[in-house]
Each structure stands twice: as C-alpha cells, then as structure tokens.
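2 protein chains.
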Amino acid sequence: MRPRIAIDAMGGDVGVRVMVAGAALARHRHEDFQFLFVGDETRIKAALANHPNLSAASEILHAEEIVSADAKPSQALRNSKKTSMGMAVAAVKSGEASAAVSAGNTGALMAISKLALRTIPGIDRPALAALLPTMKDSDVVMLDLGANAECDSRNLVQFAVMGAAYSRIIYGFEKPSVKLLNIGTEDGKGTGPVQGAADALRKASGLALDFQGFVEADKISTGEVDVIVTDGFSGNVALKALEGAARFVTDLLKRSFLSSLRSKIGFLISRPATELLREHLDPNNHNGAVFLGLNGVVVKSHGSADEKGVANAVEVAARLVEDSILGRISEDLDKVSSLAPSEAASK
Amino acid sequence: MRPRIAIDAMGGDVGVRVMVAGAALARHRHEDFQFLFVGDETRIKAALANHPNLSAASEILHAEEIVSADAKPSQALRNSKKTSMGMAVAAVKSGEASAAVSAGNTGALMAISKLALRTIPGIDRPALAALLPTMKDSDVVMLDLGANAECDSRNLVQFAVMGAAYSRIIYGFEKPSVKLLNIGTEDGKGTGPVQGAADALRKASGLALDFQGFVEADKISTGEVDVIVTDGFSGNVALKALEGAARFVTDLLKRSFLSSLRSKIGFLISRPATELLREHLDPNNHNGAVFLGLNGVVVKSHGSADEKGVANAVEVAARLVEDSILGRISEDLDKVSSLAPSEAASK
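Chains H and U supply the protein sequences, listed in that same order. By the working numbering, the letter at position 70 of the first sequence is numbered 71, and the numbering carries on one by one without gaps. By the working numbering, the letter at position 187 of the second sequence is numbered 188, and the numbering carries on one by one without gaps.
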C-alpha cells in the first residue's frame, strides 16, 4: 500500500513553506509517498512550485480556515469541517488519506482526531506518544505525554500495549522492554493506578512486550528501557522538565563559556563538540509525536520543527501505516483485556 | 534560642566521618550551634577527635542500630527506638534537640518523623520540600517531592502555605510568589485536585504569599517563581527528570569533548567554565530537603552529600528553628482553613 499522507499545511510556527519543504524531503527519500495538502490552495501551489518532484505526487484540498495556536479544543471542534486540521483528519477517516500530519495546536488535534476517528475497540482513551533521545542508539518511546491528565490502571495497561507496538514498528524490536514510570522501583511504591497496572502486566502472558517493572524519571534518558508508560500529567511534567533542564544546562554552559577570554577560546576550539551535542538533543531528529489508540494514524509534528523535522514526522506516519500499527495494537489487546477489569468504564 | 541539632551520624553513603566534618564546618561558621550526635559512640568519638572546637559543643547519644538504606518504612518504624535515626528524631520530640538532620533512608525518615512528631494542627500530611537551582540568584522551593504519591486539593493548599513559609525564612521574601505545577497555564488545565487548589488559593486573602496560577515543568529552573507546589508523584518525577537530564547533558558533553583532539584541547582551555557549571549544579550547594508540616524540624541531607552539603543541611535546620517555621505555617493556615473543604478528611 502506497502511503498517502494528508498534510495540514497551515499548522506550526512557519506554516506552508516548511510543511511543503519537509514533505519534499521525505518524498525525495521515499519515491512511493503520495501527499494530500490541506489548506490555502494559492499558498500551497506557490510552495509546491519549488518542488516539481513532490508536486507530481501531490493533490491539494482547499480549506478556508485554520485552527489558531491558542484555540481551545472545544472551539476547534465546532469549526472543524472548514479548517485545514479538521479536513486533514477527515481525509483519514474517509480513506482519502492513510495518515495525517499536523504541526498545529496539540489539544485541538487530539480533540478533532478523537471525535472523527474514535478509538480502536478495546481502547478507552488514546494517548500521545513520542520518541525521546537516550545515551544509546535508539530513542525511548514515552506515553502518555499529556492527552489524559488522570489515568486508571486499565488506561496504563492499554498505553503499555500501544507503546510497545510503536517501538516494534520503529525499531523492529520483537519484544520491547516496558516499564511504568514511578517514584521508586520497589514493589508497593506509587499510586493505586500504577500498582494496578503493574499487577495486570505482570500477570499477562503472550504479549509482544517484556514488562520489567518500574523506572524512575532520572533514568528516562539512559536507554535502559524501550518504552516508558505513565499518565498524561506525569508524562507531560517529565517531558517538559527534560526540555527545561537541557535548555538550562546549555544556557549555563554558554554563560560560563563567555565568562572569560580563555573560556571563549576554549569554546571556539571545542565548537564541533558542542555542535554534536546540539545535534543529539535537536528535537527535529526526534520529531513525530503520535496519537496512539485511534482508528487511524495521526502524527503531531513539533510547532517549531524545520523541514528535517517535518520529514521525520511524515516518515513516522508512513511507517505506522505500512506496518499496520492498528492491527498490532488490536492483536495484543486481546491478550490483556481479561486482566484489567473495567474500573475505567465508569470514568 | 541556641539551636541544638541532633545529627544521625550513621546515615548517608559515607556516614560518621562526613556527618561530623559537616557539623564542624557549620559550627565553624556559627559559634552558637550545639550538637547531639546519635550513633556508634566509639566511631563518633574518633571522628570528633579531629575537631576539638566542635567537640566542645557536642554530646553523644549512643545508638546500637542503624536504619539500612534499603529498609522499608515499616521495618524502620518497628525498630526505631534503637536506631540512630529513630533516636535523633525522638530527641526533637523530647526537646533535647531543636532539630534533626539525617542523610539516611528518606522513606524511613519520613515514617519515623511522622509517627514521632505528628503533623501541625491543620496539616493533614507533611511534605518533602527542597531548594532547586535556577538561572537567578535564589533557588526555587519545590514540594512535595515524594512524601505523598496522591494528593487532594486541600493537601496542595497546605503545601503552598508551608512552601511559602520556607521561602520567607530562607530568602526573607515578604510574599513569595507561588505557582501550582500543571500541564498548561490556561484555566481548566490539569487534574481535579490542581483545579481545586487553584480555586482555593485564588480566593484566599491575607496570606503571606502571592499565588500566581500555574507553571509548566520546563520553567522550574528559570527562577520565574519562588515556590512550586505539586503532588509527591509529579514532584518526584520532575526532580528526578531534572537530575537525569543534567547528568545526560554533561555525559553527552564529555563524550563529544573527547571525540577529537581539537575538542580535548578546547575542553582543557575552557575547564574553568565547565567547573563553574558543575559548581552551580552541585547538589551540595542546594542540600537540605525539609519535611514540612511536622511538629518539629527534620532535614534530610542527600545521601551522597560531602561535608559542605552536610553543613548546608545543618544551617537550613538551624534557620528553620531560629525563624520558627512552625509558627509561621500555623499563622497562615488559619487564613485558608475555611477555604478548602474537608475532601481530604475521608482519604
């Protein structure tokens, strides 16, 4: 199946130009990719004029409106039939596209995708998953990163299954290792939902994942585990704490490097090293947060992603389609559905 | 009142030697400090022999046993009358000491302190607070860092009052700014408890704090706020994510500096800069996590703290006693007690 990706051309800090350039880069690497650009037709045409190769593989779907960066999810939902974001997701639902990529408002994209695509049978709530850099060669899949502020144990078990399916597709691991984020690694630590999820995952058998208990947040970047599962509040806190700390340390470094002439010279000489660091931490190399658990593939590109970042997001979307993430999640769900009772149903 | 600090001499990675050396450093800076060392008498005597000045201001209380680093809180409680940690806290309760400092097992110290000292009237649960480095001159007070995995809005309001009292004492701020950790800054974001706490704090008046809404975890280290309040799960996740990220970035830096001869030379030349960085991030400069909300002052020194770190913890303990943290918390509690209804009572 040739992946045909619907691109919300209007989202993100830059918008049309970088979304089209990113798609062109992805198309350059993958000759079979097809695109459906959704948004202002005139501007998309102008941007495509610079990329004839991409142009030949693209169609345009004109959208009158856009979802603003500060729109509330409820506002975005009301208007979704006319917005580039809403129409890109609708194209996935109708089958015109096999996946959607947007760099727009995350909350709006979540709400629109949830309403249009609904969740896979057996999944109570979708989750936002992303790839975070580690000291090892492979990134760690972490979810939920903010879609669900409060989660019960059943949600967490479903996230484990979804995250493992994602890791298997991206890295080809047969049984990715999975841990629950916790405030200690001993049994009995943490909240009720975390305890309950650990119980259910320990008892499950035949899953395409290797549940290894708990991980603390200082080990997220060590690469000791393939998938980290948590509720959306803690996941968002961890993700943003990591981002903030990386910025904090590099700011401090910059400040101290500039504190003396000697340091300045040292900084210039060692610039290739600090650039290697920047390269490794660059979110563009890890771009492509995914809403897992929906009847369709929707990838959130970072608002500030450059064309390399957008190309990454497009490739992630295509991989998830080609390797049928939906089917993999469903298969594994059958193996745990009996284990985590329906405490979630009432929530 | 001359502060008399009970020191659990046996806790921490190194134990007696560093605890005594740290106390000696604090005593060197503050002539009025008195000490009660609790632990193995022979070893404490030997360590004190190197510090005659400290020796003259110290008594020793022999304890037969120690709380091991991996003991569960329940085990530690059972045996607490014979352990150096249990006896140091008991000395605070009996009035023999005005505060206790331990570098031992955090969970055990919390459990022992809670049982022996009980909470201040009006406080449902104590919290673990610490000072974290920022880009500004003052550290940020953050709590809870792991004492209570699950919190309701009433707990969070109480933590806000306790954290502000801590910030006022450490930095002399009249009305420290306080924010609740959240996954967005818009109204309506986050969990029920976070929403409820924000409501109560917005309505409260006459508090010795300035409630300013929400802060996201990427802003913890910017210094934009004096006190950050959250539940123990998220607080622990944020703290450890920060620690892990700092280590991750410095490891990456080291690796990239060593990747070429040119970088190595640059690294050597810029060493004063990287040392400034290490100095700023060194936990020994921010040591002294405090259990707030108890009828007594208990400070947790980091297990790996050196003598400078222990001296910091001792000074924090003395400051909290001298500036009567307990009284300040009680005063402010009266002003919010009517605002956050007793949803916590049943939990």
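In this text, a Cβ means the ideal position worked out from N, Cα and C, and glycines have one as well.
Short check: CB of Ser81 (chain U) to CB of Val93 (chain U), under 9 Å?
no
Taking Cβ positions only, does Ala27 (chain H) come closer than 9 Å to chain U?
no
Contact check, Ala239 (chain U) vs Thr251 (chain U), beta carbons under 9 Å
Cβ atoms of Ala239 (chain U) and Thr251 (chain U): not closer than 9 Å.
Assuming Val291 (chain H) and Leu321 (chain H) are in contact, meaning their beta carbons sit under 8 Å apart, how far apart are those beta carbons, in whole angstroms?
7 Å
Threshold first: 3 residues or longer. Then list the beta strand (DSSP E) segments lying entirely within the region 260-308 of chain H, N to C.
Within the region 260-308 of chain H, the complete beta strand (DSSP E) runs of at least 3 residues are 290-293 and 298-301.
Rounded to the nearest angstrom, what separates Leu110 (chain H) and Ala199 (chain H) at their Cα positions?
30 Å
Of all the residues that make up the region 177-196 of chain H, which are near chain U by a beta-carbon distance shorter than 7 Å?
Leu182, Ile184, Gly191 and Thr192
Limits of the alpha helix (DSSP H) - the one that Arg30 (chain U) falls within:
Val17 to Arg30
Local Cβ density within 10 Å of Asn288 (chain H), reported as buried at 16 or more and exposed below that
Residue environment: Asn288 (chain H) is assigned as buried (16 or more neighbouring CB atoms within 10 Å of its CB, all protein chains considered).
In chain order, what residues of the region 248-270 of chain U put their CB closer than 9 Å to some CB of chain H?
Arg248, Phe249, Val250, Thr251, Asp252, Leu253, Leu254, Arg256, Ser257, Phe258, Leu259, Ser260, Ser261, Arg263, Ser264, Lys265, Ile266, Gly267, Phe268, Leu269 and Ile270
Considering only the beta carbon of each residue, do Val337 (chain U) and Ala209 (chain U) sit closer than 9 Å?
no
Put Ile8 (chain U) into one of helix, strand or coil per three-state DSSP.
strand
State buried or exposed for Arg3 (chain U), treating a residue as buried only when at least 16 other CB atoms are found within 10 Å of its CB.
exposed
Rounded to a whole number of angstroms, what is the C-alpha to C-alpha distance between Thr84 (chain H) and Phe38 (chain H)?
12 Å
Just checking Phe160 (chain H) against the ligand FMN - is the residue's beta carbon closer than 8 Å to any of the ligand's heavy atoms?
What this structure holds is no ligand at all, so the ligand FMN is not there to describe.
Given Ser95 (chain U), which residues of its chain have a CB within under 8 Å of its CB, disregarding the five upstream and five downstream residues?
none
Could you please give the first and the last residue of the uninterrupted alpha helix (DSSP H) stretch that includes Leu168 (chain U)?
Looking at the sequence itself, residue 168 (chain U) is Ser, so the reference to Leu does not match. For Ser168 (chain U), the enclosing alpha helix (DSSP H) covers residues Ser154 to Tyr172.
As a quick exercise: from H:Asp324, H:Glu323, H:Leu334 and H:Val311, pick the residue whose alpha carbon is nearest that of Ala25 (chain H).
H:Val311
With contact counted as at least three CB pairs below 8 Å, one residue from each stretch, are the region 15-31 of chain H and the region 115-125 of chain H in contact?
no
Is there a Cβ of chain U sitting closer than 9 Å to that of Phe160 (chain H), yes or no?
no
Compute the Euclidean distance between the alpha carbons of Gly356 (chain H) and Asn296 (chain U), then round it to the nearest angstrom.
Any answer about residue 356 (chain H) is impossible in this case: the structure gives chain H only from 2 up to 348.
Using a 10 Å radius around the Cβ and a threshold of 16 neighbouring Cβ atoms, would you call Arg5 (chain H) buried or exposed?
buried
On the DSSP bridge assignment, give the partners of His63 (chain H) in chain order.
H:Gly40
Delimiting residues of the beta strand (DSSP E) encompassing Ile229 (chain U):
Where Ile229 (chain U) is concerned, the enclosing beta strand (DSSP E) stretches over Val228 to Val230.
Taking just the CA atoms, how far does Leu282 (chain U) sit from Pro134 (chain U)?
7 Å
Restricting to runs no shorter than 4 residues, where is the alpha helix (DSSP H) found entirely within the region 193-259 of chain U?
Taken in chain order, the whole alpha helix (DSSP H) runs of length 4 or more contained in the region 193-259 of chain U are 193-204 and 233-258.
Chain H partners of Gly233 (chain U), CB-CB under 8 Å?
Chain H residues near Gly233 (chain U): Ile184.
Pairs of beta-carbons, one from the region 32-48 of chain H and one from the region 128-142 of chain H, closer than 8 Å: are there three or more?
no
What does the alpha-carbon distance come out to for the pair Ser103 (chain H) and Lys301 (chain H)?
5 Å
Tell me which same chain residues have a C-beta within less than 6 Å of the C-beta of Gln213 (chain H), skipping the five on either side of it?
Closer than 6 Å at the Cβ level, and outside the excluded window around Gln213 (chain H), lie Ser178 and Lys180.
Residue-chain proximity (Leu282 (chain U), chain A), Cβ-Cβ < 9 Å
Judged by its chain identifiers, the structure shown contains no chain A, and its protein chains are H and U.
Looking only at its own chain, which residues have a Cβ that is under 6 Å from the Cβ of Ala101 (chain U), when we skip the five neighbours before and after it?
Ala7, Ala89, Val90, Val93 and Val299
Taking Ala70 (chain H) as the reference, give the member of H:Arg329, H:Gly304, H:Ser331 and H:Ala319 with the closest Cα.
H:Gly304
In chain U, what lies closer than 9 Å to Lys241 (chain H) by C-beta?
Contact annotation for Lys241 (chain H) against chain U: Ile184, Glu217, Ala218, Asp219, Lys220, Ile221, Ala239 and Ala242 [CB-CB distance below 9 Å, chain order].
Residue nearest to Gly147 (chain U) in terms of C-alpha spacing, selected from H:Asp153, H:Phe174 and H:Lys190
Nearest C-alpha to Gly147 (chain U): H:Lys190.
Would you say Gly108 (chain U) lies against chain H (beta-carbon separation less than 9 Å)?
yes
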